[in-house]
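See structure below.
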């Protein structure tokens, strides 16, 4: 390393060290390296302490002395050559000496001979006689300090250390040579001279590279870590080879001298070598594989492939295979992998044939190299090669594949089904086309039918499944003489075959298996795997015929009959008595690889498949049913047995989740309505005394919470609210016994339901107050985080209820907000005063929860009301500091409240230490787990809220000063999470403040922009493209949904501008809307949502009847087009009216969105409005227009 010292004292020290370096280097001739290499170590220490300069005499002297001392053939020279520090010194001199002088020194001192001798000596490490084998460990040890001792340097660790240093020095030298192109003339001349040293024939260069490959091979299994430099070893080898004198026989030299080591190393790195533990880092391993494969492709396989395609010459591959025969089990697969992944050379019509010939020839070579292996090893290696051929889509000669089947897969009494499967995947024509293929096919069929052909496990079963030979051996598969383990296997094979053949072939298969399938499903025992697999196959066969196949009706009837059979079985058992409970939702979320498998078949298997895997089964069995299918009704039945109910609750929740999250069920409105009504009915029929604590009711609550909002109709939402409110009234004082988790389920469901327009009968503000009163005792006993989450649920529910306060009945129909604020301020003041007085003496959970809820509720008060509260600020600040120091949640919330509202009155309004926030233990404030439905305050949210309160009134300069204070408190020796989060939040506020200005958009500017676009669409219609039309509609949809930067409610003119854009598109560009009505309907839906949402604000609404009229005009333009807007799309001589054709097209395109639009209007209207809409739609359906009827 080069160290550049400062001037002054540093310059003097540098001069002294430089002088010491010169003295040390000059004395090496007299002193030598020293008995323990101490003189070399001193030279290295002085060399690295002096920076590079124009004076390089010392570096050149030490270089020449080292090379001279390493040249002789004795133990001292051998020790010096093997000492890693020697090569590190050489690497340092390579960096500092000018290239012209460096080239002269290297040539004079025979550097290449020394390099060759060193690499040769370290390629064969010596194992000490008294060495004890170390236990294998995947953890690599750091490179130890290598001593200046020949015996130690000859060991494997010593050779690896030397090799690392040698390759490091070569990498420095070659990198400097490559970078000399833009330097002085002398430097370029020196670089060319150094390249000339490496510019030798390939036969000489391989003598340098073969030892490097050997070094790589044995270092891959060493526990010595050189990961920082090891990654570049193969790259350095490749760089040396690239400097050779290139010749036509270079590939032969690689095949003779490098291929065996390269194949062996790749085999170890890719896991083909058995019983070899690779200890390399993952990034080193992947880098070596990539670089070595690239080297072999470029220097062996590409030249060999070119020679084969030009003159059918395979000399280089033959030599590589022959030289690697001792490691054939590894070299064979590696050779074929490299051959099959060699890039294409030719292009044109004959390229594919040439590639096939190359693949066939190289596979034969690799196969022949395995002749000396044992039968078992040979079979395993051949299967690896077949897998490689499948992965790379390489063609193998049919004769070779048939020989593999005869000699290995079918050669003995046992059958290698995996090998047969691989052969079939390579080329199914092996079993076709010729008499040999037919004979082979008959042999496989006979093996399947033999009683002794029992398969050896799941791998064999999977192999037979992948054979996909049903269409070839249908008689064998449908035979009664099949072994027991193949009876069940035939159905997956049939289903798999149907999935990949064409419709005509699939129809033939269905017709052939239908009678056997019907017999199995009707009479087969449910606990037999054959029956279960037949059920799975029947589902797959029905899907292959759906929707208009010849057998679709018969298969649907067959599955319906089997569903009735399952229903009878389900009726007899109790879910709680099952040894293996069903979990179809878990199956639905899992992948085939991670799906649990069981050896036995139970009713659970059928339920998990029908509800979890077979997504279309439920819509099929419920297609013509007026009620909930009996099969499904028994699965989602709610138990009356209180002891069994808790066990059945999980199964019930899983089944309901699987049904309601199934996309195919999602779009079946009748089925989803029946399921949700069933769940609501179970909720209604809960225990009269304490319905919410029933296990079945808890399962119903969870199912409804997990139900997508779109599936809940307004009537269902209102029924849910009526049921929950009625149950709360009946429970009266028993609500105190309701657990925290149940309260959060109930409140969470209410919040979910009230997010959309839900005006149940008897809705009043007293319902909200009574609900909060009932939940108060439970909140007092909750742990603080859960209490805070529950109170926020009540707050959110109250806000949703107040948004529909126009629908309140009785005396609560109108509320005086000023009176409510006054009462809230009084309550908050009372709680804060009580806590300020009693926080030292009394600190129970109820008081803590009251404090947290009061602070949370105070956010709804205006700032003047908060500032007017006369509370003991000093006592509360002390309480906050005490709670923070103990790691309590309430301390941070109280601190945030005080800073946000009473900062001028605080002793410390700008705290800078947030480290204690992540050292807190909230368990000391309470016990109990937080329910999933409650989003409790995390430490990050608490930090952000506190920082926001601090910087809210700060200017930019004050924020920067505060940020500096936070940075000063940052101490890496302690917990820094909270401090870093606080710093992050201040930076966020700084950047947000800067970016807020230019991004602000005004409604006026938007309206002017929209008017310009409208004029272009209207006056320059011929210049508009399809992209312009679709972009305009997309922009209108984004703006209407509130995601465009300008809110629709910001000005009445915004909505008018959006309607004018859509209007001009419909009038002037109707032809471009053909086959694109889905985009227009999405835009109209977004505009309708914006109109309805704004109207729900009551007196605060921005849009009025005029905007509703504009929207109505858009609907009229779509459904009743003018003659001018559609005349350009009329074909000459057409007999039908253009307007009639346009109406028909619009009516067809309207159908998919009509349900969604009616749902929006249904939620927004009262009963009289819905009646008017129903009559209007009926007339439009009858007469084809809205008006004039």
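Residue numbers (the numbering used here): 527 to 1715. The beta-carbon is built from N, C-alpha and C at its ideal position, and this holds for glycine as well. Since the structure is predicted, the reported quantities are computational estimates derived from the model, not experimental observations.
- Annotated three-state conformation of residue 1395 is coil, per DSSP.
- Take the alpha-carbon of residue 732 and the one of residue 943: they are about 44 angstroms apart.
- The criterion of a C-beta distance shorter than 7 angstroms is not satisfied by residue 584 and residue 716.
- DSSP lists 771 as the beta-bridge partner residues of residue 727.
- Every unbroken stretch of the alpha helix (DSSP H) spanning 4 or more residues and falling wholly within the segment 567-626 is given here in chain order: 583-596, 601-608, 610-622.
- Note that the C-beta distance between residue 1544 and residue 1591 is not below 7 angstroms.
- Put simply, the segment 837-848 does not touch the segment 802-820. Fewer than three CB pairs are less than 8 angstroms apart.
- When the alpha-carbon of residue 1020 is set against those of 1059, 1053, 1052, 1054, the nearest one is in 1059.
- In the three-state scheme derived from DSSP, where H, G and I count as helix and E and B as strand, residue 1154 is classed as coil.
- Only residues of its own chain outside the window of five on either side were considered, and among them 1024 have a CB closer than 6 angstroms to the CB of residue 1035, listed in chain order.
- For residue 750, the three-state secondary structure derived from DSSP is strand.
- In this structure, DSSP gives residue 1442 a helical state, which the three-state scheme calls helix.
- In chain order, 912, 915, 916, 922, 927 place their CB closer than 7 angstroms to the CB of residue 952, counting only its own chain and leaving out the 5 sequence neighbours on each side.
- Note that the segment 678-687 touches the segment 638-653; at least 3 beta-carbon pairs, one per stretch, sit closer than 8 angstroms.
- Here the alpha carbons of residue 1424 and residue 1403 stand approximately 8 angstroms from one another.
- Here residue 881 is buried, its C-beta having at least 16 other C-beta atoms within 10 Å.
- Unbroken alpha helix (DSSP H) runs of no fewer than 4 residues, entirely contained in the segment 1583-1621, are found at 1603-1621, following chain order.
- Within the same chain, Cβ atoms closer than 7 angstroms to the Cβ of residue 605 are found at 674, 676, 679, the five residues on either side in sequence being excluded.
- Cβ-Cβ distances below 6 angstroms link residue 582 to 622, 623 in the same chain, with the five nearest sequence neighbours on each side left out; the list follows chain order.
- The C-beta distance from residue 1316 to residue 1266 rounds to 7 angstroms, short enough to fall under 8 angstroms.
- The three-state secondary structure of residue 1308, taken from DSSP, is coil.
- Excluding its 5 nearest sequence neighbours in each direction, residue 780 has C-beta neighbours in its own chain below 6 angstroms: 825, 826, listed in chain order.
- A check of alpha carbon separations from residue 1584 across 797, 1596, 1633 identifies 1633 as the nearest.
- Within 10 angstroms of the beta-carbon of residue 1357 lie 16 or more other beta-carbons, which makes it buried.
- Inclusion of residue 1540 and residue 1586 in the CB contact set at 7 angstroms is warranted, their separation being smaller than that value.
- Counting only runs that start and end inside the segment 1068-1135, the alpha helix (DSSP H) elements of at least 4 residues fall at 1078-1098, 1110-1115, 1129-1134.
- Rounded to whole angstroms, residue 1099 and residue 1179 show a C-alpha spacing of 18 angstroms.
- According to the DSSP assignment, residue 894 belongs to the alpha helix (DSSP H) that extends over 877-894.
- Excluding five sequence positions before and after residue 1181, the CB atoms of its chain that fall closer than 8 angstroms to its own CB belong to 1108, 1110, 1111, 1133, 1137, 1161, 1162, given in chain order.
- The closest CA to that of residue 1365, considering only 1479, 1401, 818, is found on 1401.
- Minimum Cα-Cα distance from residue 1145 among the listed residues 1397, 1073, 1605, 1594 corresponds to 1073.
- CA-CA distance, residue 1156 to residue 1129, rounds to 15 angstroms.
- For residue 1642 against residue 1575, the beta-carbon gap comes to about 25 angstroms, at or over 8 angstroms, which does not count as contact.
- About 5 angstroms separates the Cβ atoms of residue 1198 and residue 1237, confirming a contact at the 8 angstroms cut-off.
- Annotation for residue 547: 572, 573, 576, 584 place their beta carbon closer than 7 angstroms to its own, counting only its chain and skipping 5 residues before and after.
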